[in-house]
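Asks: Taking my numbering as reference, the numbering of the sequence shown is continuous, increasing by one, and the terminal residue is 400.
Submitted below is the structure of interest, expressed as structure tokens.
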Amino acid sequence: MESSFNISDLIVKSHKGELTATEQQTLTTWLEKNSLNRDLFEKLTNNRALVDRIDLYQKFNAEKSFSKIDKHLAEKKVVPFKPVRLLKYAATLLLPLLASAAIVYYFMLSNEDAISSIDEQVHPGVQKATLTLADGGTVELQESEAFQEVKQGTSTIKNEYSGLIYASSDDISEAQAMIFNILTTPYGGRYSVRLSDGTRVTLNAGSSLKYPVSFSDSTRTVYLQGEAYFEVTHNGKPFIVSNEQQNIRVLGTSFNVSAYANEPAVLTTLVEGKVQIEAPGGKAVLAPGEQSKLLGNQLTVEKVNTSQYTSWINGKFEFNRDNMDIVIKRLSRWYDFNYEFENKDAVNYHFTGRLDSDQPISSILQMLEATSNIRFETNGKTIVVK
Numbered sequence: 015m016e017s018s019f020n021i022s023d024l025i026v027k028s029h030k031g032e033l034t035a036t037e038q039q040t041l042t043t044w045l046e047k048n049s050l051n052r053d054l055f056e057k058l059t060n061n062r063a064l065v066d067r068i069d070l071y072q073k074f075n076a077e078k079s080f081s082k083i084d085k086h087l088a089e090k091k092v093v094p095f096k097p098v099r100l101l102k103y104a105a106t107l108l109l110p111l112l113a114s115a116a117i118v119y120y121f122m123l124s125n126e127d128a129i130s131s132i133d134e135q136v137h138p139g140v141q142k143a144t145l146t147l148a149d150g151g152t153v154e155l156q157e158s159e160a161f162q163e164v165k166q167g168t169s170t171i172k173n174e175y176s177g178l179i180y181a182s183s184d185d186i187s188e189a190q191a192m193i194f195n196i197l198t199t200p201y202g203g204r205y206s207v208r209l210s211d212g213t214r215v216t217l218n219a220g221s222s223l224k225y226p227v228s229f230s231d232s233t234r235t236v237y238l239q240g241e242a243y244f245e246v247t248h249n250g251k252p253f254i255v256s257n258e259q260q261n262i263r264v265l266g267t268s269f270n271v272s273a274y275a276n277e278p279a280v281l282t283t284l285v286e287g288k289v290q291i292e293a294p295g296g297k298a299v300l301a302p303g304e305q306s307k308l309l310g311n312q313l314t315v316e317k318v319n320t321s322q323y324t325s326w327i328n329g330k331f332e333f334n335r336d337n338m339d340i341v342i343k344r345l346s347r348w349y350d351f352n353y354e355f356e357n358k359d360a361v362n363y364h365f366t367g368r369l370d371s372d373q374p375i376s377s378i379l380q381m382l383e384a385t386s387n388i389r390f391e392t393n394g395k396t397i398v399v400k
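This is the structure in structure tokens:
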């Protein structure tokens, strides 16, 4: 895998006629990889200003220039400061890199206009969701968009800036506990709900939560598809998060569950408290800072950096040597775009970093281009990884 600096160095050598046979083959292979590379090479080699700047960097003789400085210092009878000699060697090493850096910068600028056009169709996600009531009626929710209070049995639902809020009377019948609502977030949306017991649940994009408007006297059970962060109120009754693969039993705690249908594994990450995982592959009790992974029927537990899995609730994406397909998939849920990998090798490229989820998608794509050996093409709401 060639980096942008490696290729830019070859372009500089090509301009100077200094390529070895092996380097020429490497550059030729890169040019034949796709038309984008050939177009970029053509723009670079035909860009007079850029070529002149490269020539300037290459013609600068650091050894000769610093010899003049040494001579001048001697004539002035000044004892040369030793760091000057260090600077001489630093310049000798760094100046050739400036030519490569100029090209790397041009690499980024050359694709900026093509990528930035996608901002007109792909936007950062917002607080939005759909509430499905027990009778099948639906309410479209937006952040801080008030609606008339809805009654469900003896429970009252209202929408505030912090999300949906359920309030129940103390007199709860078994029939009341069988009235379910469903909160669904689309791709490009997140939403929070405070359940009748005070538990707060934040749903990530492309997720749904089914829950009773009031809990029974014995247990508190909700049903999750997708990803959610739970802050469970302690009241003595077990709180159970159920999905098709596992059940999570808690009393009072904070944890994240990722159980998307298009992901191979279910991840449960504990921030504080204690939870018990019950799955066909066995049982596990998690301590804070631990994560369970259910892959098929195999249940494993390991220590993790919890912020990597919970940063989304604070408007961040945090990655630690994650494969590019994981990075793009997470971005696609929040920004609501389609994607495809034309460059199959790019699936396994790694990325480490923290991104703000409110910045334009073009800014994120340009940063990914600058830090890895990939390029992006956009077509409407589809992003192609080259």
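We treat Cβ as the ideally placed atom computed from N, Cα and C, and that holds for glycine.
So does the region 341 to 358 actually touch the region 212 to 220, counting three or more Cβ pairs closer than 8 Å?
Replies: Flag = yes, the region 341 to 358 and the region 212 to 220 touch.
Asks: In chain order, what residues of the same chain have a beta carbon less than 6 Å from the beta carbon of leucine 24, not counting five sequence neighbours either side?
Replies: The residues are Glu37 and Leu41.
Asks: Can valine 140 and glutamate 154 be called in contact, C-beta distance under 8 Å?
Replies: For valine 140 and glutamate 154, no; Cβs fall outside 8 Å.
Asks: State the DSSP-derived secondary structure class of tyrosine 178, mapped to helix, strand or coil.
Replies: The sequence given here places leucine at residue 178; tyrosine does not occur at that position. Three-state result, leucine 178: strand.
Asks: Taking contact to mean at least 3 C-beta pairs separated by less than 8 Å, is the region 334 to 345 in contact with the region 305 to 316?
Replies: No: the two stretches stay apart, fewer than three of their Cβ pairs being nearer than 8 Å.
Asks: According to DSSP, is phenylalanine 244 part of a helix, a strand, or is it coil?
Replies: In the structure shown, phenylalanine 244 sits in a strand (DSSP, three-state: E or B).
Asks: With DSSP as the reference, identify every bridge partner of aspartate 336, one or two as the case may be.
Replies: For aspartate 336, which the question treats as bridged, DSSP gives the partners Phe365.
Asks: Ignoring anything shorter than 3 residues or poking outside the region 250 to 295, list the beta strand (DSSP E) runs there in chain order.
Replies: Runs found: 253 to 256, 261 to 264, 268 to 273, 279 to 286 and 289 to 293.
Asks: Taking only the alpha-carbon atoms, compute the straight-line gap between leucine 382 and valine 399 and give it to the nearest angstrom.
Replies: Going from the Cα of leucine 382 to the Cα of valine 399 covers about 11 Å.
Asks: For glutamine 166, is the classification buried or exposed, using 16 other Cβ atoms within 10 angstroms of its Cβ as the cut-off for buried?
Replies: Buried, since its Cβ has 16 or more Cβ neighbours within 10 Å.
Asks: What residue from Gln373, Glu286, Ser386 and Asp370 has the CA that sits closest to alanine 360's CA?
Replies: Comparing Cα positions, the closest option is Ser386.
Asks: For the pair the region 247 to 260 and the region 167 to 179, tell me if three or more CB-CB distances fall below 8 Å.
Replies: Because the criterion of three Cβ pairs below 8 Å is not met, the region 247 to 260 and the region 167 to 179 do not touch.
Asks: Name the DSSP beta bridge partners of valine 164, please?
Replies: Its beta-bridge partners are Ile171.
Asks: Ignoring anything shorter than 4 residues or poking outside the region 343 to 391, list the alpha helix (DSSP H) runs there in chain order.
Replies: If we require 4 residues or more, the alpha helix (DSSP H) runs fully inside the region 343 to 391 come out as 375 to 385.
Asks: Which residues share a DSSP beta bridge with valine 236?
Replies: In DSSP, valine 236 forms a bridge with Val255.
Asks: Which residues does DSSP list as the beta-bridge partners of arginine 204?
Replies: Paired residue(s): Gln141.
Asks: Whole angstroms is fine: what's the gap from lysine 317's alpha carbon to glutamine 260's?
Replies: Each residue's alpha carbon lies about 20 Å from the other.
Asks: How would you call threonine 366, buried or exposed, if buried means at least 16 neighbouring beta carbons within 10 angstroms?
Replies: Counting Cβ neighbours within 10 Å, threonine 366 comes out exposed, since fewer than 16 surround it.
Asks: What's the call for glutamine 278, buried or exposed, on a 16-neighbour Cβ count within 10 Å?
Replies: With the sequence shown as reference, residue 278 is identified as proline, and glutamine is not the correct amino acid for it. So proline 278 counts as exposed.
Asks: Taking a contact to mean a Cβ-Cβ separation below 8 Å, would you say serine 272 touches valine 280 in this structure?
Replies: Closer than 8 Å, so yes.
Asks: Out of curiosity, what's the CA-to-CA distance linking alanine 76 and phenylalanine 55?
Replies: In this prediction, alanine 76 scores a pLDDT of 45, lower than 50, which makes its location untrustworthy; the coordinate-derived value is nonetheless stated afterwards. Alanine 76 and phenylalanine 55: Cα-Cα distance of roughly 29 Å.
Asks: So glutamate 37 is in the alpha helix (DSSP H); what residue range does that whole segment cover?
Replies: Residues 35 to 47.
Asks: Look at the alpha carbon of leucine 111 and the alpha carbon of glutamate 356, and state the distance between them as a whole number of angstroms.
Replies: Because leucine 111 sits at a pLDDT of 47, beneath the cut-off of 50, its placement in the model cannot be relied upon, and the following sentence gives the value as read from the coordinates. If I take the Cα positions, the gap works out to 31 Å.
Asks: Going by beta carbon distance, what residues of the same chain come within less than 6 Å of lysine 245, once the five residues before and after it are set aside?
Replies: Checking the sequence, you will find glutamate at residue 245 rather than lysine. So the list reads Arg214 and Ser268, once near-sequence residues are dropped.
Asks: Going by the CB atoms, is the gap between lysine 343 and leucine 437 shorter than 8 Å?
Replies: Residue coverage of the chain in this structure runs from 15 to 400, which leaves residue 437 outside it and unanswerable.
Asks: With a CB to CB cut of under 7 Å and the five nearest residues on each side skipped, what residues in its chain are close to isoleucine 378?
Replies: Cβ within range, chain order: Leu345 and Leu369.
Asks: Could you name the residues that DSSP lists as bridge partners for valine 153?
Replies: According to DSSP, valine 153 bridges with Leu145.
Asks: Could you please give the first and the last residue of the uninterrupted beta strand (DSSP E) stretch that includes serine 222?
Replies: Note, serine 222: beta strand (DSSP E), 221 to 226.
Asks: Under the three-state reduction of DSSP, which class applies to phenylalanine 229: helix, strand or coil?
Replies: Here phenylalanine 229 sits in coil by DSSP.
Asks: Return the residue from the list Glu286, Gln312 and Ser371 that minimises the CA-CA distance to leucine 300.
Replies: Considering only alpha carbons, the answer is Glu286.
Asks: Going along the chain, which residues of its own chain have a beta-carbon closer than 6 Å to the beta-carbon of threonine 199, five neighbours each way excluded?
Replies: So the list reads Ala143, Tyr205, Leu217, Ala219 and Ser221, once near-sequence residues are dropped.
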